[in-house]
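Chemist: First, the structure itself, so that you have it in front of you.
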Amino acid sequence: MKKRKALEEENKRVAARVEKNRAFMAANLEAIKKHHSTFVEFMERSPQIARQNQEKNAIAELKSRLDQLEAENVVLEQEETKLKRELELQTETPMRVFLSGFAKVMTRTYEMQDRLKEARKVYKELKVRLL
1 MKKRKALEEE
11 NKRVAARVEK
21 NRAFMAANLE
31 AIKKHHSTFV
41 EFMERSPQIA
51 RQNQEKNAIA
61 ELKSRLDQLE
71 AENVVLEQEE
81 TKLKRELELQ
91 TETPMRVFLS
101 GFAKVMTRTY
111 EMQDRLKEAR
121 KVYKELKVRL
131 L
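UniProt numbering puts the first residue of the sequence shown at 1, with every later residue one more than the last.
Written out as structure tokens, the structure reads:
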């Protein structure tokens with residue numbers, strides 16, 4: 001019976017200590033929550049921190065915009081290369097045809113001029129011989 005009474009007293013002391021610790025922990029938790037909410041409120045209200053957050057967001061937005069513009073630039077460079085090739089084909093082909101035709105005509109003209117000179121020489125020689 002003494003043992004039981006001693007155990008009951010020990011149980012009461014432990015229960016009281018647990019209750020005291022529980023109350024202490026609850027008070028500490030409440031204080032921590034209050035400090036946390038005050039800290040969060042302070043952080044949200046702080047203009048410097050708000051500016052830093054805006055700068056971080058702006059940096060991320062600018063990086064994404066830069067990536068997007070670089071992708072567009074690659075596409076535009078490919079289109080530019082394609083259009084340059086098309087332009088070269090459109091301008092060079094007629095020019096080549098013109099130049100090759102012009103070269104043929106000029107070659108033929110020079111050949112005819114040479115033949116005409118030879119014919120005049122022969123005509124003069126024949127005229128001199130016949131007279």
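By construction, the Cβ of each residue, glycine as well, lies at the ideal position given by its N, Cα and C atoms.
Could you check the C-alpha separation between tyrosine 110 and leucine 87 for me, to the nearest Å?
Modeler: 34 angstroms
Chemist: Looking at the secondary structure, which residues open and close the alpha helix (DSSP H) in which methionine 25 lies?
Modeler: Per DSSP, methionine 25 belongs to the alpha helix (DSSP H) from 2 to 45.
Chemist: With a threshold of 7 angstroms on Cβ separation, who are the neighbours of lysine 33 within its own chain once the five nearest residues in sequence on each side are excluded?
Modeler: Around lysine 33, the same chain offers no residue with a beta carbon nearer than 7 angstroms, after the five sequence neighbours per side are excluded.
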